[in-house]
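Asks:
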Amino acid sequence: MPTKLYVGNLAYSVNNDDLAQHFAQAGKVETATVVTDKFSGQSRGFGFVEMSDPAEATRAVETLNDTDLKGRRIRVDEARASSGPRSGGGGGGGGFGGGGRGGDRRRGGGGGGGGGGRRDRW
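What the sequence shown shows, in our numbering, is residues 83 to 204, in sequence order.
1) Measuring straight from C-alpha to C-alpha, what distance separates Val111 and Met133?
2) Could you give the distance in angstroms between the alpha-carbon of Val89 and the alpha-carbon of Ser125?
3) If the criterion is Cβ atoms closer than 8 angstroms, does the pair Ala161 and Lys86 meet it?
4) With Ala114 as the anchor, note down where its beta strand (DSSP E) starts and where it stops.
5) Going by CA-CA distance only, name the one from Ile156, Val143, Asn147, Phe130 that's closest to Ala163.
6) In three-state DSSP terms, what is Val143?
7) Under a Cβ-count criterion, where at least 16 other Cβ atoms within 10 Å of its own Cβ denotes burial, should Phe121 be classed as buried or exposed?
8) Are the Cβ atoms of Ile156 and Thr149 separated by less than 8 angstroms?
9) Is Phe105 helix, strand or coil when you go by DSSP?
10) Report yes if the CB atom of Leu92 is closer than 8 angstroms to the CB atom of Arg154, and no otherwise.
11) Determine the direct distance from the alpha carbon of Val158 to that of Val143, and round the result to whole angstroms.
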């Protein structure tokens, strides 16, 4: 089962092939992906590499972390599991960036300063 690694601090000029070649020093690379902005297509400065086996992934972290790739010292670590899409506001609240502070903003009640000076102005 492949092991996924996070690679940070990438130069914007690094592409998928550069990443794969760099990590091939540690073992067989299954996939190498530089994350890009969906609108501009420009690199976001990080990516992911999947190594074919956990021992090779460990070797990649130990030998390639803090090495130079196209003029930047890259950061290599085991990728953490995704917690799903990001939600705005800390408890699924979204909207005004509030979320988990308690109280109903429209009524100005509850704990944690829920309304401030914005009570029922509509």
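Ideal Cβ placement from N, Cα and C applies to all residues, glycine included.
Replies: Put simply:
1) Each residue's alpha carbon lies about 5 angstroms from the other.
2) Each residue's CA atom was taken as its position, placing Val89 and Ser125 some 12 angstroms apart.
3) Result yes, Cβ atoms of Ala161 and Lys86 sit closer than 8 angstroms.
4) Per DSSP, Ala114 belongs to the beta strand (DSSP E) from 111-118.
5) Nearest option by C-alpha distance: Phe130.
6) If DSSP states are grouped into helix, strand and coil, Val143 belongs with the helices.
7) So Phe121 counts as exposed.
8) Going by beta carbons, Ile156 and Thr149 fall inside the 8 angstroms limit.
9) DSSP places Phe105 in helix when its eight states are reduced to three.
10) Going by C-beta atoms, Leu92 is nearer than 8 angstroms to Arg154.
11) Spanning the two alpha carbons is a distance of roughly 5 angstroms.
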